[in-house]
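Enquirer:
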Ligand SMILES: [Zn+2]
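Numbering (the numbering used here), first residue to last: 360 to 684.
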């Protein structure tokens with residue numbers, strides 16, 4: 360019996376482009392950027408070749424360069440000069456992110472500015488909020504105390520001009536709490552992009568060098584999710600949707616495409632974060648000549664989009680925009 364359904368008919372070279380289901384465009388991409396209050400010139404990040412920590416004074420020029428290449432959105436992380444137990448630099452009106460937002464908005468008003476809302480770069484212990492003794496597990500991140508901190512950080516970013524705030528601390532109730540704080544302060548037009556399903560991943564390793572956000576004790580498994588849990592991953596995003604998140608997120612991206620496809624069924628826009636480890640693995644293999652960088656990057660991004668991502672946060676954003684031009 361010869362097959363009547365010949366799949367190769369739809370793969371002829373002439374028809375291939377017409378039947379392509381998923382295409383990456385510049386509008387899909389968000390570029391993460393590190394702004395360092397202690398830097399006076401761009402500082403290369405050794406574990407992330409091609410990435411830098413930029414000084415506050417130079418960030419607007421960098422973003423202008425990204426805009427000229429067609430990137431419409433950046434996600435900012437700050438590295439402050441001062442860290443303490445309460446992460447006070449994170450909500451300082453003159454803080455590193457607040458200054459960076461104002462500089463970017465002055466130079467490049469149509470760039471969509473997203474700010475990471477967390478405390479791990481600002482606390483002396485490196486955890487994502489206020490730490491204290493928990494009932495059963497010793498020193499740990501205190502949930503409701505940390506929510507008040509996140510409200511202050513998010514509001515200060517909105518005040519500086521951020522279009523979207525992106526809480527990444529995986530606290531219970533963080534979206535509802537921040538939404539109420541923003542609305543009370545008159546920032547009801549500021550969106551919340553929630554890191555709604557964020558796994559406790561080994562792939563964040565290079566980021567910790569980039570953002571100086573390593574922790575001095577314990578780990579983050581009491582707030583970030585176990586990579587083994589898919590149903591819990593869906594519930595985390597569902598709760599944030601119920602609390603008023605405008606955009607959901609799955610982080611990391613590539614190894615979690617099943618979760619991404621699930622979360623996309625909630626009906627809200629979904630972002631996927633191709634994280635530092637995903638970036639550095641491709642870079643390292645490409646440097647050794649083991650894989651082709653451009654082909655690998657475009658394949659990973661296409662698959663992330665196919666799985667359901669409306670936005671992809673990727674350190675390759677600038678390069679991809681060059682390739683697509
Ligand atoms: Zn954090």
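Virtual Cβ for every residue (Gly too), placed ideally from N, Cα, C. These numbers were taken from a predicted model, which means no experiment stands behind them.
Per DSSP, which one or two residues make a beta bridge with residue 633?
Expert: Taking the chain shown and counting its residues from 1, one reaches residue 633 at position 274. Note: residue 633 sits in a beta bridge opposite 673.
Enquirer: Taking just the CA atoms, how far does residue 675 sit from residue 612?
Expert: Taking the chain shown and counting its residues from 1, the one referred to as residue 612 is at position 253. Taking the chain shown and counting its residues from 1, the one referred to as residue 675 is at position 316. One C-alpha to the other measures close to 14 Å.
Enquirer: Whether or not the segment 484–502 and the segment 572–583 are in contact is what I'm after, with contact meaning three or more pairs of Cβ atoms, one per stretch, closer than 8 Å; do they touch?
Expert: Touching, yes.
Enquirer: Measure the Cβ-Cβ separation of residue 512 and residue 413 and say whether it is below 7 Å.
Expert: Looking up residue 512 in the chain shown gives position 153. Looking up residue 413 in the chain shown gives position 54. The answer is no: Cβ separation not under 7 Å.
Enquirer: Under a Cβ-count criterion, where at least 16 other Cβ atoms within 10 Å of its own Cβ denotes burial, should residue 495 be classed as buried or exposed?
Expert: By 1-based counting over the chain shown, the position of residue 495 is 136. The residue in question, residue 495, is exposed, as its Cβ has fewer than 16 Cβ neighbours within 10 Å.
Enquirer: Going by C-alpha distance, which of 420, 385, 417 is nearest residue 430?
Expert: As a position in the chain shown, residue 430 is number 71, starting the count at 1. Residue 385 is the option with its Cα nearest to residue 430.
Enquirer: Using 7 Å as the threshold, is the C-beta distance between residue 688 and residue 459 below it?
Expert: Since the first and last residues shown for the chain are 360 and 684, residue 688 lies out of range.
Enquirer: Which runs of the beta strand (DSSP E) spanning at least 3 residues fall entirely within the segment 378–463, listed in chain order?
Expert: Counting whole runs of 3 or more residues, the segment 378–463 contains the beta strand (DSSP E) stretches 388–395, 411–414, 432–438.
Enquirer: By DSSP, does residue 651 sit in helix, in strand, or in coil?
Expert: Locating residue 651 in the chain shown gives position 292, counting from the first residue. Three-state result, residue 651: coil.
Enquirer: As a quick check of your reading: which residues have a C-beta less than 6 Å from at least one non-hydrogen atom of ligand 1, in chain order?
Expert: Counting every residue whose Cβ lies closer than 6 Å to a heavy atom of ligand 1, we get 477, 479, 487, 527, 528.
Enquirer: Can you tell me where the alpha helix (DSSP H) holding residue 514 begins and where it ends?
Expert: Position 155 of the chain shown holds residue 514. Where residue 514 is concerned, the enclosing alpha helix (DSSP H) stretches over 502–519.
Enquirer: Evaluate the contact criterion for the segment 386–393 versus the segment 661–677: three or more CB pairs, one atom per stretch, below 8 Å.
Expert: Cβ pair count under 8 Å is three or more, so yes.
Enquirer: Give the straight-line distance between the Cα atoms of residue 466 and residue 381, rounded to the nearest whole angstrom.
Expert: In the chain shown, residue 466 corresponds to position 107, counting from 1. In the chain shown, residue 381 corresponds to position 22, counting from 1. Whole-angstrom Cα-Cα distance: 34 Å.
Enquirer: Rounding to the nearest angstrom, what Cα-Cα distance links residue 537 and residue 528 in this structure?
Expert: Your numbering for residue 537 matches position 178 in the chain shown. Your numbering for residue 528 matches position 169 in the chain shown. Whole-angstrom Cα-Cα distance: 12 Å.
Enquirer: Which residues in the same chain as residue 403 place their Cβ atom closer than 8 Å to its Cβ, once the five residues preceding and following it in sequence are excluded?
Expert: Along the chain shown, read from residue 1 onward, the residue named residue 403 stands at position 44. So the list reads 410, 411, once near-sequence residues are dropped.
Enquirer: Below 7 Å between beta carbons: does that hold for residue 475 and residue 525?
Expert: As a first step, residue 475 must be located in the chain shown, where it is residue number 116. As a first step, residue 525 must be located in the chain shown, where it is residue number 166. In this structure, residue 525 lies closer than 7 Å to residue 475 by Cβ.
Enquirer: Do the CB positions of residue 394 and residue 437 come within less than 7 Å of each other?
Expert: Looking up residue 394 in the chain shown gives position 35. Looking up residue 437 in the chain shown gives position 78. Yes, they are a contact pair.
Enquirer: Roughly how many whole angstroms lie between the Cα atoms of residue 443 and residue 499?
Expert: Numbered from 1 along the chain shown, position 84 holds the residue referred to as residue 443. Numbered from 1 along the chain shown, position 140 holds the residue referred to as residue 499. For residue 443 and residue 499, the distance between alpha carbons rounds to 16 Å.
Enquirer: Check each candidate in 364, 379, 361, 372 and name the one with the smallest Cα separation from residue 662.
Expert: Against the chain shown, residue 662 aligns to sequence position 303. The option with the nearest alpha carbon to residue 662 is 379.
Enquirer: Quickly, what does DSSP pair residue 525 with across the bridge? List them, please.
Expert: Stepping through the chain shown from its first residue, residue 525 is reached at position 166. Bridge partners of residue 525: 475.
Enquirer: For the alpha helix (DSSP H) that residue 619 lies in, which residues bound it at each end?
Expert: Position 260 of the chain shown, counting from 1, holds the residue named residue 619. Unbroken alpha helix (DSSP H) run through residue 619: 616–623.
Enquirer: Among 520, 419, 678, 533, which one has its Cα closest to the Cα of residue 653?
Expert: Here the question's residue 653 lines up with position 294 in the chain shown. Comparing Cα positions, the closest option is 678.
Enquirer: CA-CA distance, residue 510 and residue 541?
Expert: Here residue 510 is taken as the residue at index 151 of the chain shown, counted from 1. Here residue 541 is taken as the residue at index 182 of the chain shown, counted from 1. In a straight line, the C-alpha of residue 510 is about 8 Å away from that of residue 541.
Enquirer: Would you kindly report the start and end of the unbroken beta strand (DSSP E) that includes residue 493?
Expert: Position 134 of the chain shown, counted from the start, is the residue given in the question as residue 493. First-last of the beta strand (DSSP E) with residue 493: 490–493.
Enquirer: Are the Cβ atoms of residue 614 and residue 406 separated by less than 7 Å?
Expert: The count along the chain shown starts at 1 and reaches residue 614 at position 255. The count along the chain shown starts at 1 and reaches residue 406 at position 47. No, these two residues do not count as a Cβ contact at 7 Å.
Enquirer: Just the Cα atoms here: how many angstroms apart are residue 684 and residue 427?
Expert: Taking the chain shown and counting its residues from 1, the one referred to as residue 684 is at position 325. Taking the chain shown and counting its residues from 1, the one referred to as residue 427 is at position 68. When rounded, the distance between both Cα atoms is 11 Å.
Enquirer: Taking all protein chains shown into account, do 16 or more other C-beta atoms lie within 10 angstroms of the C-beta of residue 361, making it buried, or fewer, making it exposed?
Expert: Here residue 361 refers to the residue found at position 2 when the chain shown is read from its first residue. It counts as exposed.
Enquirer: Mind checking which residues open and close the alpha helix (DSSP H) that includes residue 541?
Expert: Start at 1 with the first residue of the chain shown, and residue 541 comes out as number 182. Where residue 541 is concerned, the enclosing alpha helix (DSSP H) stretches over 533–543.
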